[in-house]
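Worksheet: one structure, shown below.
There are 2 protein chains.
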Amino acid sequence: MGLSVVAISGGMDSCVTLAIASAGGPVGGLHVKYGQRTEERELRAFKAVADHYGVESRLVVALDYLKKIGGSSLTDESRPIPRTEPRSGGVPSTYVPFRNAHVLSVAVSWAEAMGADSVYVGSVEEDSSGYPDCRAEFYDAFGAAVEAGTRPDTHIRIVTPLISMSKAEIVKKGIELNVPFGLTWSCYEPPVDEKACGLCESCRLRIKGFKEAGARDPLSYAAMP
Amino acid sequence: MGLSVVAISGGMDSCVTLAIASAGGPVGGLHVKYGQRTEERELRAFKAVADHYGVESRLVVALDYLKKIGGSSLTDESRPIPRTEPRSGGVPSTYVPFRNAHVLSVAVSWAEAMGADSVYVGSVEEDSSGYPDCRAEFYDAFGAAVEAGTRPDTHIRIVTPLISMSKAEIVKKGIELNVPFGLTWSCYEPPVDEKACGLCESCRLRIKGFKEAGARDPLSYAAMP
Chain A
0 MGLSVVAISG
10 GMDSCVTLAI
20 ASAGGPVGGL
30 HVKYGQRTEE
40 RELRAFKAVA
50 DHYGVESRLV
60 VALDYLKKIG
70 GSSLTDESRP
80 IPRTEPRSGG
90 VPSTYVPFRN
100 AHVLSVAVSW
110 AEAMGADSVY
120 VGSVEEDSSG
130 YPDCRAEFYD
140 AFGAAVEAGT
150 RPDTHIRIVT
160 PLISMSKAEI
170 VKKGIELNVP
180 FGLTWSCYEP
190 PVDEKACGLC
200 ESCRLRIKGF
210 KEAGARDPLS
220 YAAMP
Chain B
0 MGLSVVAISG
10 GMDSCVTLAI
20 ASAGGPVGGL
30 HVKYGQRTEE
40 RELRAFKAVA
50 DHYGVESRLV
60 VALDYLKKIG
70 GSSLTDESRP
80 IPRTEPRSGG
90 VPSTYVPFRN
100 AHVLSVAVSW
110 AEAMGADSVY
120 VGSVEEDSSG
130 YPDCRAEFYD
140 AFGAAVEAGT
150 RPDTHIRIVT
160 PLISMSKAEI
170 VKKGIELNVP
180 FGLTWSCYEP
190 PVDEKACGLC
200 ESCRLRIKGF
210 KEAGARDPLS
220 YAAMP
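Chains A and B, in that order, are what the protein sequence lines are.
The opening position of the first sequence corresponds to residue 0 in numbering that gives the first Met the number 0, with each subsequent residue numbered one higher.
The opening position of the second sequence corresponds to residue 0 in numbering that gives the first Met the number 0, with each subsequent residue numbered one higher.
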C-alpha cells in the first residue's frame, strides 16, 4: 500500500484511525489547530500518539482564522460549552462552521504534493454530536471534489473507517489494536489537574463508549455524567 | 438579494466578479494569501479594489502552510515561473495543489458564520492555464460538499460567473461594468518598477484578452509576448 495522510486531532477516534492506517503502510500525520480552547492539550496528544506509532512525517497547521470567523463555542470563549446529552437539540453550538472541509483540504494538498494515495479521517456519524461535516454524505461529496480538483493523474481516496461505527465498537476495535487510549484527549474543555470535564458532549460520548464496551477508560474525569 | 462572500485575489477576473456580485447586493470581501511570490502586490490590489467598491466587511487570511506543503512554482522560489504559452503541456508548475478548495472552505465557513447565502469565485475554465481546481466540474462537486457539510438550514450557492467565458469576454464585461482594471494585478512575478513581466502564463492570458477585446490594458509590462 502507498503512503497515507492521517488527520490526527489527538482524540480517541483519530488514534484508532491512525492504528488502522499505519497497519496498512507508511503514514504522514496531520494535526490541525484552529484556535479551539483545547489547542495546547490536543497538540500534546497528537505528539504523544504520533511518537507511539513512530510517525516521522508530520505537518502541524494553524488555522487561526477559524477562531476569527467564529460561530462556535469551541473557538469563542464567551460562549459556554454545553453540558447536555449529545443530539439533544439540532446541531450543537460546538459545531465549527465547515471545519472538516479545511482539515480535508490541507490533507489533500499535502497528499498530492507528497504523492500519497489516501487520506484517513476518524469522523463518526452515528454515535456523535450530529455535526453535518462528520457525515458519510459529506465525505462522499468531498471525495468527488478531490477527484475533480486535483491533477488528472492524482487519485486520493478519502477513507473514514469509523464513520458508521458506534463509540463502543470503536473502543473494542482500539483494544483489539492495542491503541494507547491513555495518550488521547477528547474533552472540549482544557484539562484541570490533567482531568477531563466528564460532562461535555465529547466526554459523554467517550464515557458511554467505554461503558458499553465493558472497558476501562484510562483517562481521569473531574465529574461523571 | 442576501449577503454574498466574494473571493478577491486582486486579479482582473476576481475584480469583474466583484463588480457582478456587488451589483446584486452587499458583499464581504475575502482575500487569501498563501505564501505566493506576489503576496504583497496582490494584497495591495485587493485593498484598492475593495476600497473602489466600498466593501466594508473584509477578511484577509494567511494560509502559510501552502508554501510549506509546496509542490508549486508559485510558492517555491527555487523553481522558475514558466514563460511559456498557456496549456503548452499538461497542468503547469504554477498549479498549487488543491488551492481553490482552501479558498472555498474559508469563504464557506465565513459565509455560514455570517449568514451569507452565496460565495462568488472568479475562476475561468476555458481560457486559462488548465488548473484542475478551476473547472466547473470541481465547483459543482464542491457545491454538493457544501450542501452536505453545513447546517441543515444553511444553503450557500457557489457562483462562478466567468467560468465559461473567454478572457476577451471578461475584458468586455469589465468595460461594460466600469471595472477599474488599473487597480488589479495578474502577473505571477512581483512587480519591477511597478511593471508586470508580460511573459508568464497569467500575463499572456491577460494581454491576449485585452487584445482580442480591442481594448487597452492600463497596466505596464516589462516585455510583451
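Using N, Cα and C, we set each Cβ at its ideal position, and we do this for glycine too.
Check: Euclidean distance between Cα positions of G114(A) and A140(B); Outcome: 22 Å
Check: First through last residue of the beta strand (DSSP E) which encompasses V95(A); Outcome: Unbroken run through V95(A): none, as it is neither H nor E.
Check: Under the three-state DSSP convention, the category G208(B) falls into; Outcome: helix
Check: Chain-ordered residues of the segment 65-86 of chain B with a beta carbon less than 7 Å from chain A; Outcome: L65, I68, G69, G70
Check: Sufficient close CB pairs (3 or more, under 8 Å) joining the segment 87-99 of chain A to the segment 66-78 of chain A; Outcome: yes
Check: Entirely enclosed alpha helix (DSSP H) segments - the segment 109-175 of chain A, minimum 4 residues; Outcome: 135-148, 166-175
Check: Cβ neighbour criterion (16 or more within 10 Å) applied to D126(B); Outcome: buried
Check: Whole-angstrom C-beta distance between V60(B) and V31(B), which should lie under 8 Å; Outcome: 5 Å
Check: Closer than 8 Å to chain B by CB, D12(A); Outcome: no
Check: Partner residues on chain A for H101(B), Cβ-Cβ distance less than 8 Å; Outcome: H101, S104, V105, S108
Check: Which of helix, strand or coil DSSP assigns to A195(B); Outcome: strand
Check: Test item: CB-CB of R98(B) and P189(B) under 8 Å; Outcome: no
Check: Other residues of its chain near L103(B): CB distance less than 6 Å, five sequence neighbours each side excluded; Outcome: F141
Check: Nearest to S117(A) (by Cα), restricted to the options S128(A), T83(A), T153(A); Outcome: T153(A)
Check: Given 8 Å, three or more beta-carbon pairs between the segment 10-27 of chain A and the segment 177-185 of chain A; Outcome: yes
Check: Burial state of E111(B), where buried means 16 or more other Cβ atoms lie within 10 Å; Outcome: buried
Check: Min CB distance P189(B) to chain A below 8 Å; Outcome: no
Check: Below-8 Å beta-carbon distance, R57(A) vs any chain B residue; Outcome: no
Check: is_contact[E111(B), chain A] using C-beta, thresh 8 Å; Outcome: yes
Check: Through-space distance from R156(A) to D132(B), alpha-carbon basis; Outcome: 17 Å
Check: Segment limits, alpha helix (DSSP H) that includes A61(A); Outcome: Looking at the DSSP string, A61(A) is not in any alpha helix (DSSP H); the run it does join, the beta strand (DSSP E), is 56-61.
Check: Close-in-space but distant-in-sequence residues of the same chain around T149(A) (CB under 8 Å, 5 per side omitted); Outcome: V107, E111, I155
Check: Cα-Cα separation between R86(A) and P217(A), rounded to whole angstroms; Outcome: 26 Å
Check: Nonlocal neighbours in the same chain, by C-beta distance under 8 Å from I206(A), ignoring five residues either side; Outcome: G197, D216, Y220, M223, P224
Check: Identity of the residue in L65(A), P79(A), E124(A) nearest K166(A) by Cα; Outcome: E124(A)
Check: Spatial distance of T37(B) from V191(B) (CA atoms); Outcome: 11 Å
Check: First through last residue of the alpha helix (DSSP H) which encompasses L17(B); Outcome: 11-23
Check: Simplified DSSP state of G70(A), which is helix, strand or coil; Outcome: coil
Check: Per DSSP, cross-strand counterpart(s) of K32(B); Outcome: A61(B)
Check: Chain-order list of residues whose beta-carbon lies under 6 Å from that of A195(A) (same chain, five-residue window excluded); Outcome: C186, C202, L218, Y220
Check: Alpha-carbon spacing of Q35(A) relative to L62(A), whole angstroms; Outcome: 10 Å
Check: Close beta carbons around R134(B), own chain, < 6 Å, minus the five adjacent residues each side; Outcome: E124
Check: Chain A contact for F209(B) (CB, 8 Å cutoff); Outcome: no
Check: CB of L42(A) within 8 Å of CB of W109(A), strictly; Outcome: no
Check: Cβ-Cβ separation, P81(B) to E175(B) (assumed contact under 8 Å), whole Å; Outcome: That belief does not hold up - the Cβ atoms of E175(B) and P81(B) are roughly 32 Å apart, past 8 Å.
Check: CA-to-CA distance, G28(A) to E55(A), given in whole angstroms; Outcome: 8 Å
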